[in-house]
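In this note's numbering, the protein residues as written are 8 to 140. Using N, Cα and C, we set each Cβ at its ideal position, and we do this for glycine too. It should be emphasised that the depicted structure is a prediction, and the values quoted were computed from it without experimental measurement.
Set out below in structure tokens:
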């Protein structure tokens, strides 16, 4: 599995790794959606987003927070993302998923605490993401 969860006081810590930046972003979104425990998926939905950030770490956290805001305000759960553009400082993407009745887990925010997206000696990208729950 490309992501794992670890216990953390009042938060949930997720470690994500992937061969490419694209894989890390996709797997981080999948992990966040799984953590949220969407209830009763319905009609298919898509949302277009565009973001810029000073670096890849900030971009990943901003991407997840943007998806989280859309999930909560529109009651949608995103299971996939297609990137028109993804670089270390910006992205243009389409989120795809389904409308939902709600979520079993209340994720309040994706934090910058401990986030440091970087390449490991293995060549894989990896980071830790902490969700405020």
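* If you count every other CB in all the chains shown that lies within 10 Å of the CB of residue 128, and 16 or more means buried, which is it? -> Position 121 of the chain shown, counting from 1, holds the residue named residue 128. Exposed: under 16 other Cβ atoms inside 10 Å.
* Cβ-based burial, residue 61 [other Cβ within 10 Å; buried from 16] -> By one-based count along the chain shown, residue 61 stands at place 54. Exposed.
* Taking 8 Å as the cut-off, decide whether the C-beta atoms of residue 37 and residue 86 are in contact. => Position 30 of the chain shown, counted from the first residue, corresponds to residue 37. Position 79 of the chain shown, counted from the first residue, corresponds to residue 86. Cβ distance < 8 Å, so residue 37 and residue 86 count as in contact.
* CB-CB under 7 Å to residue 58, same chain, minus the five flanking residues each way: which ones, in chain order? -> Locating residue 58 in the chain shown gives position 51, where the first residue counts as 1. Closer than 7 Å at Cβ, skipping near neighbours: 66, 69, 70, 73, 97, 98.
* Mind checking which residues open and close the alpha helix (DSSP H) that includes residue 68? => In the chain shown, the residue the question calls residue 68 occupies position 61. Run containing residue 68: 63-81, per the alpha helix (DSSP H) assignment.
* Identify whether residue 44 lies in helix, strand or coil by the three-state DSSP scheme. => As a first step, residue 44 is located in the chain shown; it is residue number 37 there, counting from the start. If DSSP states are grouped into helix, strand and coil, residue 44 belongs with coil.
* To do: Tell me, to the nearest whole angstrom, how far the beta carbon of residue 104 is from that of residue 46; I am working on the premise that it is less than 8 Å.
  => Residue numbering aside, residue 104 sits at position 97 when the chain shown is read from its first letter. Residue numbering aside, residue 46 sits at position 39 when the chain shown is read from its first letter. About 13 Å separates the Cβ atoms of residue 104 and residue 46, ruling out a contact at the 8 Å cut-off.
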